[in-house]
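First the structure, in the form of structure tokens, and then the observations on it.
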Amino acid sequence: MSVVSPLNRVLGLGSAKDGVEHWWAQRLTAVALLPLGLWLVAASIGLDDFGYASVVEWMQAPMNSVLLLLTMLALTYHSALGVQMVIEDYVGAKGLKIALLMLITFAHLAVAVTGVFAILKVAFGAAA
Amino acid sequence: MDRVERPLSPHLQIYRPQITSVLSIVHRATGVTLSLGVLLLAYWLIAAASGEQAYDQAQQLLSGGWLKILYAGLAFCFFYHLANGVRHLIWDLGLGLEPEQYQASGWAVIVFAAAATAAYSLLVIV
């Protein structure tokens, strides 16, 4: 027995060829975060101290600025997808679910913009 | 129409926890916790962008002794989510799906996360 609906069989359209974006983006950002996450952790080990001067000097090194930007973007994207999934799975009430989904989307965008802006401001700022 | 109170199928409280189900829910829990960690990271970055005085204030706020427990916890979440994430990616390739394989990889994730958290805590947090 075919699972294709009679209408679809007549139209011969097959699948819509989409629907895997969420799954794919989650994997893509996961793979990106393997090296980026390990880099950030390694950097925190390598930093002499967490004082203002050493942190700003580290952030201003061009390669560090770029890697920080990539990490922040991958983190917030991956996080948004993951939290979205958790809400969709565990929040039953429809109104609450929609409100939470909007809230976490706004929150992740805000965090991403905040992080990116901060990194760029330090990167382009005067030397500490 | 009135809802009939039918018996629900056996749920979480009746199933014996297994390594697969426990590691799966811990993956989600660590993921959500790390999302809050990203918030902390953004706060730290914006403090650095707000000048030395603001950064020093933030640093004072963030370097309380008892907060070290929080950082060790976040480190565990990171290493666990990373290792178990790799496990998921390998499953996506269709590999490691035999019971003895996913049980072994599950224990490997636990051991790695514990060891890496201990090492990182000693190196950076303490």
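Chains as they are written, first to last, in our numbering: chain A, 64 to 191; chain B, 74 to 199. Glycine included, every Cβ here is placed at the ideal spot set by N, Cα and C. Computed from a prediction, not measured in an experiment: that's the story for all the values here.
Check                                                                                                                                                                             : Outcome
Please list, in chain order, the residues of the segment 90 to 112 of chain A that have any C-beta partner in chain B closer than 9 angstroms.                                    : Arg90, Ala93, Val94, Leu96, Leu97, Gly100, Leu101, Leu103, Val104, Ser107, Ile108 and Leu110
Write down the C-beta distance between Ala186(A) and Ser128(A) rounded to the nearest angstrom, noting that I regard them as a contact closer than 8 angstroms.                   : 4 angstroms
If you draw a straight line from the C-alpha of Asn157(B) to the C-alpha of Leu97(A), how long is it?                                                                             : 11 angstroms
Chain A partners of Glu125(B), CB-CB under 9 angstroms?                                                                                                                           : Tyr115, Ala116, Val119 and Ala191
What are the boundary residues of the alpha helix (DSSP H) that includes Phe151(B)?                                                                                               : Leu140 to Asp165
Do you know offhand how far Pro125(A)'s Cα is from Met135(A)'s?                                                                                                                   : 15 angstroms
From the beta carbon of Phe151(B), is the nearest beta carbon of chain A less than 9 angstroms away?                                                                              : yes
Check the Cβ of Gly158(B) against every Cβ in chain A and list those closer than 7 angstroms, keeping chain order.                                                                : Ala93
Determine the direct distance from the alpha carbon of Lys184(A) to that of His154(B), and round the result to whole angstroms.                                                   : 31 angstroms
Check whether the Cβ of Asn127(A) sits closer than 8 angstroms to any heavy atom of the ligand HEM, and report yes or no.                                                         : As for the ligand HEM, it is missing from this structure, which has no ligand bound.
Within 9 angstroms of any Cβ in chain B, is that where the Cβ of Gly145(A) sits?                                                                                                  : yes
So Lys160(A) contacts chain B; which residues on that side make the cut at Cβ distance below 9 angstroms?                                                                         : Chain B residues near Lys160(A): none, gap ~16 angstroms exceeds 9 angstroms.
Between Leu170(B) and chain A, is any beta-carbon pair separated by less than 9 angstroms?                                                                                        : no
Relative to chain B, which residues along the segment 132 to 144 of chain A have a C-beta separation below 7 angstroms, given in chain order?                                     : Leu138, Thr139 and Ser142
Does the beta-carbon distance from Arg160(B) to Gly145(A) come in below 9 angstroms?                                                                                              : no
Can you tell which of Tyr140(A), Ala116(A) and Leu110(A) has the C-alpha that lies nearest to the C-alpha of Val179(A)?                                                           : Tyr140(A)
Going by C-alpha distance, which of Asp129(B), Arg76(B) and Thr93(B) is nearest Val182(B)?                                                                                        : Thr93(B)
Any C-beta of chain A sitting closer than 9 angstroms to the C-beta of Ile119(B)?                                                                                                 : yes
For Leu166(B), collect the residues of the same chain with a Cβ closer than 7 angstroms to its Cβ; drop the 5 residues on either side in sequence, then sort them by chain order. : none
Beta carbons nearer than 8 angstroms to chain A: which residues of the segment 77 to 98 of chain B have them?                                                                     : none
Which one of Val104(A), Gly158(A), Ala137(A) and Gly114(A) has the shortest CA to CA distance from Ala95(A)?                                                                      : Ala137(A)
Cβ closer than 7 angstroms: which chain A residues qualify as neighbours of Gln132(B)?                                                                                            : Phe113
Could you name the residues of chain A that Gly104(B) contacts, counting a contact when the two beta carbons are closer than 7 angstroms?                                         : Gly145
Report buried or exposed for Leu70(A), applying the criterion of at least 16 other Cβ atoms within 10 angstroms of its Cβ.                                                        : exposed
Between the alpha carbons of Ile129(B) and Ala187(B), how many angstroms are there, rounded?                                                                                      : The displayed chain sequence assigns Asp, not Ile, to residue 129(B). Those two C-alpha atoms are separated by around 32 angstroms.
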